[in-house]
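Under numbering that gives the first Met the number 0, the first residue of the sequence shown is numbered 0, with each subsequent residue one higher. What follows is a short report on a single structure.
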Amino acid sequence: MAGVIAFFISMLALPAAQADGSAGASPVPAPQGSAPTKPVGAVAADAPPTGPPGIAEALARVEGIARADSVAVNRVWYEPSSNAVVVYLPPTPAATLSRFENQVATLAATTHGFGLTITLASRTVTQTEAVQARVEADHAYWAARGATISSVGVSPSGDIVVITAVTKDLAVITHQMDVRYGGGIRVSPADSLPEPVSRQSDFSPWVAGDRYVSS
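Structure (structure tokens):
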């Protein structure tokens, strides 16, 4: 498959999810720029409460197709901006990928006005999380090189480690991180970190223990 394969077919409606949500996958919080993702068997699936009819069941069925054929899925979710169920897969054997595409195409033919998009990521979530753990363990290493890391996470696609850091030379730090971790790194500038405070940092009349006189 070259890049992205999209199916936008509107035919028969999938049955709507039950009111108690039992017909669809249990939703997890949507990512804030760098949300954690999950490998197959615990696929991150986001079904918004205002999604189109049948979206929850479509997400659950995509997960089921993946599990039945042992397809490793980085992430499955509904994207409102494109009105599509988005599936990110890590590198997958051609035969396995072809079967999955065919099964998802069959599912697309029964969707209710939204598309299904399959996109290949560069690696698995597990591999990305291993790099994430290395970055998190390297705070002191990067601080000594002029970069204070403020956050580390995983991209929605599951193959990019997303980092925010306070540094004077973002391009240099990004290059050094790519070399150290083997690529798959995205570094963004962070605002200055807040100064640490204590009770002694406060001042009257807010200092803890300051005497208060009431007339």
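For glycine and all other residues, C-beta sits at the position ideal for the given N, C-alpha and C.
*Separation of Asn73 from Ala24, as counted between CA atoms*: Confidence at Ala24 is low in this model, with a pLDDT of 37, below 50, so the placement of that residue is unreliable and no value is reported for it.
*Tell whether a beta-carbon distance below 7 Å holds between Ala164 and Ala189.*
yes
*Identify the residues that DSSP records as bridge partners of Val171: which are they?*
None, per the DSSP bridge assignment.
*State the DSSP-derived secondary structure class of Val165, mapped to helix, strand or coil.*
strand
*Using the beta-carbon count (16 or more within 10 Å), is Thr105 buried or exposed?*
exposed
*Compute the beta-carbon to beta-carbon distance between Val75 and Ile117, rounded to the nearest angstrom, for a pair I have assumed lies under 8 Å.*
Actually they do not touch by this definition, with Cβ atoms about 10 Å apart.
_Rounded to whole angstroms, what is the Cα-Cα separation between Ala107 and Ala129?_
34 Å
*Which partner residues does Gly114 have in the DSSP bridge list?*
Ala83
*Could you check which residue in His138, Pro51, Arg122 and Ser121 has the C-alpha nearest to that of Gly114?*
Pro51
*Are Arg122 and Pro155 touching if we call contact CB-CB under 7 Å?*
no
*In terms of DSSP beta bridges, what is Trp141 paired with?*
According to DSSP, which records beta bridges pairwise, Trp141 is partnered with nothing at all.
*Which value, in whole angstroms, describes the spacing of the CA atoms of Thr109 and Glu56?*
11 Å
*With distances taken between CB atoms, is the gap from Val171 to Ile162 smaller than 7 Å?*
no
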